[in-house]
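The sequence shown maps to residues 0 to 345 in numbering that gives the first Met the number 0.
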Amino acid sequence: MPETQNSASIESEEGVGVNRKADDVRVPAAKTAGTRTWIMNAAEKWATIVGFAAIVAFFWAKAPDTFGTVDNFKAILDQAAIPILLGVGLTAVLAVAEFDLSFPYVLGLSSAAATLVMTDHQGGPVAAIVVGILAAVAANMISGYLVAQQRVSSFVVTLGFGFVWLGIANGLTDSTVISQGMNETFINLVLHRPLGITLATWIAVGFALLVAILFRWTVAGRNIMAVGSNPTASRLAGLPLDRIRIGAYMILGLGAGIAAMIITSRQAQYTPNVGAGLFLSPYVAAFFGMSVLAVRRFNVFGTVVGALFMGTLQTGLVIIGSASWLYELIQGGALLVILLIARRAA
0 MPETQNSASI
10 ESEEGVGVNR
20 KADDVRVPAA
30 KTAGTRTWIM
40 NAAEKWATIV
50 GFAAIVAFFW
60 AKAPDTFGTV
70 DNFKAILDQA
80 AIPILLGVGL
90 TAVLAVAEFD
100 LSFPYVLGLS
110 SAAATLVMTD
120 HQGGPVAAIV
130 VGILAAVAAN
140 MISGYLVAQQ
150 RVSSFVVTLG
160 FGFVWLGIAN
170 GLTDSTVISQ
180 GMNETFINLV
190 LHRPLGITLA
200 TWIAVGFALL
210 VAILFRWTVA
220 GRNIMAVGSN
230 PTASRLAGLP
240 LDRIRIGAYM
250 ILGLGAGIAA
260 MIITSRQAQY
270 TPNVGAGLFL
280 SPYVAAFFGM
290 SVLAVRRFNV
300 FGTVVGALFM
310 GTLQTGLVII
320 GSASWLYELI
330 QGGALLVILL
340 IARRAA
């Protein structure tokens, strides 16, 4: 019996020793895994900001006398005004899990309406701006209403309406450039530079702040974010999904209308297909914004950073003499990479 007890106690002590050794192995492994996770999270969170800083540093080093000037940075801000206006508006639509393919044509319709107020009806700048912006908001409200019915995909609805708005704009203007009769005060609007910054930049910043406040501190804004994150739960909670979706499209319409006024004032004329080339950059900015600080959701701050990033990249490539097609290539590739990362994170 004593021998049996001794052997049992020896086996017990050996088992405890083995368990302690296993625990000693697990603790460093757990610490290593935790460190690796922290590093990955930190890299994901700050990658876009670090990348933005690297792009600025690269172009600054390549062309310090041209890129690294106050005037150039002001020009980048002015250039980013239109993508910010469209991107922030588009963020509202994407936040409710919908898409819009018509906003470049809505912008053209808005420009046509404002131009005709001045040239055909001798209206002043205020009347032209009000009519132009209202035309854009109304157009997107109609699109939003049909999308809200959820009978047809938002891709199909907005693509169809895009050609409707294009046809109406071409019919009203006979598809011609209109410059005669433009109001001088309207044309000179973009020349104002409060505190040395262009008026377009201030308008874009103001619009972004208003939408950010809407999302953050109002019931309507929180409802927009809720619908996109969980439509089923929002429906069960009794949220007015139709009105929320229509409101999101109207925000994009407002951004498109304001952008149309700035572009028309810059050009001092109406140009057919004025929205051509403005489709991709707002989407890149909005999806880029999901990766800023790894928030993984559409947000105004991220969209603004995305628009500034792409504006900086475009300006830098021009300054160092890169081929014009390189920016389009990078822009399209960036959107694909961002979409793949977002899908993997989801």
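Each residue gets a CB set at the ideal place from its N, CA and C atoms; glycine is no exception.
I'd like the list of long-range same chain contacts for A127, defined as Cβ closer than 7 Å, with 5 residues on each side in sequence excluded.
For the purposes of this step, residue 127 is taken as the residue at position 128 of the sequence shown. So the list reads A113, V116, M117, N182, F185, once near-sequence residues are dropped.
Kindly give me the distance between the Cβ atoms of A255 and A135, rounded to whole angstroms, as I take these residues to be in contact under 8 Å.
Stepping through the sequence shown from its first residue, residue 255 is reached at position 256. Stepping through the sequence shown from its first residue, residue 135 is reached at position 136. By a beta-carbon distance limit of 8 Å, A255 contacts A135. Their separation comes to about 5 Å.
Terminal residues of the alpha helix (DSSP H) in which I318 lies
Within the sequence shown, numbered from 1, the residue matching residue 318 stands at position 319. It spans 299-318 - the alpha helix (DSSP H) in which I318 sits, taken as one unbroken run.
Pull up the DSSP beta-bridge partners for Y269, would you.
Within the sequence shown, numbered from 1, the residue matching residue 269 stands at position 270. Paired residues: I177.
Residue range of the alpha helix (DSSP H) that includes T172
For the purposes of this step, residue 172 is taken as residue 173 along the sequence shown, with counting starting at 1. Where T172 is concerned, the enclosing alpha helix (DSSP H) stretches over 153-172.
So, using beta-carbon positions, are I251 and N139 closer together than 8 Å?
Stepping through the sequence shown from its first residue, residue 251 is reached at position 252. Stepping through the sequence shown from its first residue, residue 139 is reached at position 140. According to the sequence provided, residue 251 is Leu. The question's Ile does not apply to it. In this structure, N139 lies closer than 8 Å to L251 by Cβ.
If I'm right that A284 touches T302 with Cβ under 8 Å, what's the distance once you round it to whole angstroms?
Reading the sequence shown from its first residue, position 285 is the one you call residue 284. Reading the sequence shown from its first residue, position 303 is the one you call residue 302. About 5 Å separates the CB atoms of A284 and T302; that is less than 8 Å, so the two are in contact.
So is L328 buried or exposed if we call it buried at 16+ other beta carbons inside 10 Å?
As a working mapping, residue 328 is identified with position 329 in the sequence shown. L328 should be labelled exposed.
8 Å Cβ cutoff met for A267 and T172
Sequence index remark: in the sequence shown, residue 267 carries index 268 (1-based). Sequence index remark: in the sequence shown, residue 172 carries index 173 (1-based). Going by C-beta atoms, A267 is not nearer than 8 Å to T172.
Looking at Y269 and I177, is the spacing between their C-beta atoms short of 8 Å?
Position 178 of the sequence shown holds residue 177. Position 270 of the sequence shown holds residue 269. Cβ distance < 8 Å, so I177 and Y269 count as in contact.
Distance between A203 and A397 (C-alpha atoms, nearest Å)
Lying before the first or after the last residue shown, residue 397 is absent from the chain, which here runs from 0 to 345.
Any chance the stretch 93-108 sits against the stretch 156-164, with 3 or more Cβ pairs inside 8 Å?
Put simply, the stretch 93-108 touches the stretch 156-164. At least three CB pairs are less than 8 Å apart.
Grab me the residues of L145's own chain with a C-beta within less than 6 Å of its C-beta, minus the 5 sequence neighbours each way, in chain order.
Translated into positions along the sequence shown, residue 145 becomes position 146. Hits under 6 Å: V156.
Alpha carbon of L165 to alpha carbon of G107, nearest angstrom:
Here residue 165 corresponds to residue number 166 of the sequence shown, with the count starting at 1. Here residue 107 corresponds to residue number 108 of the sequence shown, with the count starting at 1. A direct Cα-Cα distance of roughly 7 Å separates L165 from G107.
So, under 8 Å CB-CB, F300 and A211 are touching, yes? Tell me the CB distance rounded to an integer number of Å.
Here residue 300 refers to the residue found at position 301 when the sequence shown is read from its first residue. Here residue 211 refers to the residue found at position 212 when the sequence shown is read from its first residue. Rounded to the nearest angstrom, the Cβ distance from F300 to A211 is 7 Å, consistent with a contact under 8 Å.
Buried or exposed: where does A52 fall if 16 or more other Cβ atoms within 10 Å of its Cβ makes it buried?
For this step, residue 52 is matched to residue 53 along the sequence shown. A52 comes out exposed.
Exposed or buried, G274, counting other C-beta atoms within 10 Å across all chains shown (16 or more means buried)?
In the sequence shown, residue 274 corresponds to position 275, counting from 1. G274 sits buried, since 16 or more C-beta atoms from the chains shown fall within 10 Å of its C-beta.
Can you give the Cα-Cα distance for F206 and L84, rounded to whole angstroms?
In the sequence shown, counting from the first residue as 1, residue 206 sits at position 207. In the sequence shown, counting from the first residue as 1, residue 84 sits at position 85. Approximately 7 Å, taken between the alpha carbons.
According to the Cβ coordinates, are A79 and I319 closer than 8 Å?
The residue labelled residue 79 in the question sits at position 80 within the sequence shown. The residue labelled residue 319 in the question sits at position 320 within the sequence shown. Taking a C-beta distance under 8 Å as the contact criterion, A79 and I319 do not qualify as a contact pair.
Residue of Y104, L208, A236, L198 minimising C-alpha distance to I167:
Taking the sequence shown and counting its residues from 1, the one referred to as residue 167 is at position 168. Per the C-alpha coordinates, the member of Y104, L208, A236, L198 positioned closest to I167 is Y104.
Going by other Cβ atoms of all chains shown within 10 Å of its Cβ, with 16 needed for buried, is Q121 buried or exposed?
As a working note, residue 121 is residue 122 in the sequence shown. When all chains shown are included, Q121 counts as exposed.
Answer yes or no: do G288 and T90 have a C-beta to C-beta separation smaller than 8 Å?
Here residue 288 refers to the residue found at position 289 when the sequence shown is read from its first residue. Here residue 90 refers to the residue found at position 91 when the sequence shown is read from its first residue. The answer is yes: Cβ separation under 8 Å.
When you compare each of M224, P82, V129 to A96 by their alpha carbons, which one comes out closest?
Here residue 96 is taken as the residue at index 97 of the sequence shown, counted from 1. Selected option, being the one with the closest Cα: M224.
Between which residues of its own chain and G180 is the CB-CB distance below 7 Å, once the five residues before and five after are set aside?
Counted from its first residue, the sequence shown places residue 180 at position 181. Cβ within range, chain order: M117, T118.
Under the rule that 16 or more other beta-carbon atoms within 10 Å means buried, what is A94, buried or exposed?
Along the sequence shown, read from residue 1 onward, the residue named residue 94 stands at position 95. With 16 or more neighbouring CB atoms inside 10 Å of its own CB, A94 falls in the buried class.
Using a Cβ-Cβ cutoff of less than 6 Å, which residues in the same chain neighbour P124 once the five nearest sequence positions on both sides are dropped?
Counting from one through the sequence shown, the residue named residue 124 turns up at place 125. Same-chain partners within the cutoff: N182, T184, F185.
Cβ-based neighbour list, F58, same chain, cut-off 6 Å, excluding 5 preceding and 5 following
Within the sequence shown, the letter at position 59 stands for residue 58. The answer, listed in chain order, is F66, G315.
Mind checking which residues open and close the alpha helix (DSSP H) that includes V92?
Position 93 of the sequence shown, counted from the first residue, corresponds to residue 92. Where V92 is concerned, the enclosing alpha helix (DSSP H) starts and stops at 69-94.
Would you mind working out which of N298, V189, Y282 sits nearest G227, comparing C-alpha positions?
Within the sequence shown, the letter at position 228 stands for residue 227. With distances taken between CA atoms, G227 lies nearest to N298 out of N298, V189, Y282.
For S355 versus P82, is the C-beta spacing smaller than 8 Å?
Only positions 0 to 345 of the chain appear in this structure, which leaves residue 355 out of reach.
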